[in-house]
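Taking this note's numbering, the leading residue of the sequence shown gets 163, the next gets one more, and so forth. What follows is a short report on a single structure.
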Amino acid sequence: MQKFQFDVAQICENGHVVNGFTKTSPERSKDFCDKCGAAAITTCPLCGGEIRGGLITSYTTTRRAPAFCIYCGKPYPWTQARIEAAHQLAGELDGISDEEKEKLTKSIDEIVKDSPSTTVAVTRFKKIVSKAGKPVAEAFKEILVDVASDTAKKVLWPQ
């Protein structure tokens, strides 16, 4: 049985893929991101595990930055930054109760994961955000679209 091998990725702290293949193409690595200037990392800052890069094959592909560390399960800095930004936006909303703000914050935490409760969280999120209006919904989309789970994206922002 053939075992798949993955390279190590270099991702900036804001989630831009700097180099998906640091071992096989080290010349592409940079200390800082050319899109935003943030430091580029190859390991999880919490546990030190390497960030999984592209599948090592005879061809190369560009991977999307992973949301969570495969070694400790915690969100990478770019995921955490977007979660926190969405939490801040939820806290700023007018026209919804404090209880709804709390539910919205908890829903955001589930939207970035792909779990059995994701669909419930998305439903709750849509219900609360609809009260705040279209500009707020667009702001949440801008913040969360890169880190939301595929399940959440299909329901929140269908193509």
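Note that CB positions come from ideal geometry on N, CA and C, so glycine has one too. Bear in mind that the values here come from a model prediction, so they are computed numbers and not experimental data.
| Asked | Found |
| --- | --- |
| Of the residues Gly-216, Cys-174, Arg-226, Val-282, the one placed nearest Gln-167, counting alpha carbons only | Gly-216 |
| Continuous alpha helix (DSSP H) assignments of at least 4 residues falling wholly in the stretch 262 to 319 | 280 to 294, 296 to 306, 312 to 318 |
| Simplified DSSP assignment, three categories, for Gln-172 | strand |
| Same chain only: Cβ atoms within 7 Å of Glu-212, ignoring 5 sequence neighbours per side | Val-170, Thr-204, Thr-205 |
| Per DSSP, cross-strand counterpart(s) of Leu-217 | Phe-168 |
| Asp-324 versus Lys-316: straight-line alpha-carbon distance, rounded | The requested residue 324 is not part of the displayed model; the chain covers only 163 to 321. |
| Beta-carbon proximity list for Val-309, same chain, < 6 Å, skipping 5 on both sides | Ala-229, Thr-241, Arg-244, Val-274 |
| Burial state of Cys-174, where buried means 16 or more other Cβ atoms lie within 10 Å | buried |
| Nearest neighbour of Gly-210, chosen from Thr-186, Cys-231, Pro-188 [CA to CA] | Cys-231 |
| CA nearest to the CA of Cys-234, picked from Ala-247, Gln-250, Phe-194, Pro-207 | Pro-207 |
| Sequence-distant residues of the same chain with beta carbon closer than 8 Å to Ser-269, five excluded per side | Ala-283, Val-284, Arg-286, Phe-287, Ile-290 |
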